[in-house]
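Here the structure comes first, spelled out in structure tokens, and everything after it is commentary.
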């Protein structure tokens with residue numbers, strides 16, 4: 011168990027409203043990721059972080075921002091939600107041992123977001 | 015062309031059958047290879063890493079052919095509980111260069 015939680019687990023919101031999803035990990039891993047999963051597209055990387063305040067864009071970052079002010083928390087914000095952002099959002103970590111980061115990833119339980 | 019391609023599926027097999035999943039990747043700089051399993055409405059979970067020498071974990075065998083840029087997963091003696099979507103995953107240096115295949119759905123029937 012990689013000790014990753016996500017909140018909320020389900021959310022329904024309206025177009026144009028801001029939404030923040032939270033990912034929390036308990037094991038001090040350096041790398042954290044946000045993905046979205048949609049039918050026919052598989053998992054696509056939105057943003058990732060390689061340390062506190064160190065973040066970068068992934069494949070589908072438009073319309074999303076992230077913040078990481080503490081090692082254990084990685085926040086994903088939809089500034090103005092659109093219906094195309096209806097999806098399942100997964101947070102993930104890559105385990106770290108000392109200075110080494112492993113390439114495998116472990117996922118949180120996901121957040122189902124519906125934008126009406 | 016997608017960077018990681020898998021059989022589209024779904025695969026429908028009886029209990030006890032042997033089933034093989036195939037995956038190809040296009041970037042020769044890829045370094046790490048994995049198979050994940052994802053149950054319906056759940057998160058993906060690491061099933062096994064894939065090594066050039068091939069590796070086995072119980073009923074599961076994974077193979078990697080770097081020359082052909084091909085990865086496979088073999089499940090022997092299928093169980094009902096093996097029903098899930100199997101994701102082929104390829105990574106270059108750093109987890110942020112990880113590409114997930116779209117997955118192949120497996121249904122094992124009694």
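Chains as they are written, first to last, in our numbering: chain A, 11 to 126; chain B, 15 to 124. Even for Gly, the Cβ is constructed at its ideal location relative to N, Cα and C. Just so it is clear, the structure is predicted and the values come from calculations on it, not from any experiment.
If we ignore side chains and look at the alpha-carbon of each, how far apart do residue i and residue j end up?
| i | j | result |
| --- | --- | --- |
| residue 77 of chain A | residue 87 of chain A | 8 Å |
| residue 42 of chain B | residue 105 of chain B | 11 Å |
| residue 90 of chain A | residue 123 of chain A | 13 Å |
| residue 23 of chain A | residue 126 of chain A | 6 Å |
| residue 93 of chain A | residue 72 of chain A | 14 Å |
| residue 67 of chain A | residue 112 of chain B | 13 Å |
| residue 27 of chain B | residue 122 of chain B | 5 Å |
| residue 82 of chain B | residue 49 of chain B | 18 Å |
| residue 13 of chain A | residue 62 of chain A | 18 Å |
| residue 78 of chain B | residue 119 of chain B | 21 Å |
| residue 75 of chain B | residue 39 of chain A | 29 Å |
| residue 73 of chain B | residue 75 of chain A | 42 Å |
| residue 20 of chain A | residue 120 of chain A | 9 Å |
| residue 100 of chain A | residue 15 of chain A | 10 Å |
| residue 84 of chain A | residue 59 of chain A | 8 Å |
| residue 20 of chain B | residue 102 of chain B | 7 Å |
| residue 95 of chain A | residue 26 of chain A | 11 Å |
The beta strand (DSSP E) spanning residue i covers which residue range?
| i | result |
| --- | --- |
| residue 40 of chain B | That residue, residue 40 of chain B, is in no beta strand (DSSP E); it is neither H nor E in DSSP. |
| residue 27 of chain A | Per DSSP, residue 27 of chain A belongs to no beta strand (DSSP E) and is neither H nor E. |
| residue 67 of chain A | 64 to 67 |
| residue 3 of chain A | There is no way to answer for residue 3 of chain A, as the model of chain A reaches only from 11 to 126. |
| residue 16 of chain A | 14 to 17 |
| residue 57 of chain A | 52 to 61 |
| residue 123 of chain B | 118 to 123 |
| residue 92 of chain B | Taken as a continuous stretch (DSSP letters only), residue 92 of chain B belongs to no beta strand (DSSP E), as it is neither H nor E. |
| residue 26 of chain B | 25 to 28 |
| residue 47 of chain A | 41 to 48 |
| residue 37 of chain A | Run containing residue 37 of chain A: none; DSSP gives neither H nor E here. |
Within the chosen definition, does the region 99 to 111 of chain A reach the region 89 to 103 of chain B through at least 3 CB pairs nearer than 8 Å?
-> no
Does the region 40 to 60 of chain A touch the region 24 to 43 of chain B, meaning 3 or more C-beta pairs lie closer than 8 Å?
-> Judged by Cβ distances under 8 Å, the region 24 to 43 of chain B makes no contact with the region 40 to 60 of chain A, as fewer than three pairs qualify.
At least 3 beta-carbon pairs within less than 8 Å: the region 53 to 70 of chain B vs the region 112 to 121 of chain A = yes
Touching by the beta-carbon criterion (3+ pairs, under 8 Å), the region 54 to 62 of chain A and the region 23 to 38 of chain A = no
Selection of the region 86 to 105 of chain A by Cβ proximity to chain B, strictly under 7 Å | 100 and 104
With 8 Å as the C-beta to C-beta threshold (strictly closer), list the residues of the region 30 to 52 of chain B near chain A in chain order.
-> Those residues of the region 30 to 52 of chain B that come within reach of chain A (Cβ to Cβ, closer than 8 Å) are 45, 46 and 48.
Mind listing which residues of the region 54 to 77 of chain B have their C-beta closer than 9 Å to chain A's C-betas, in chain order?
-> Correct list: 55, 56, 57, 58, 59, 60 and 63.
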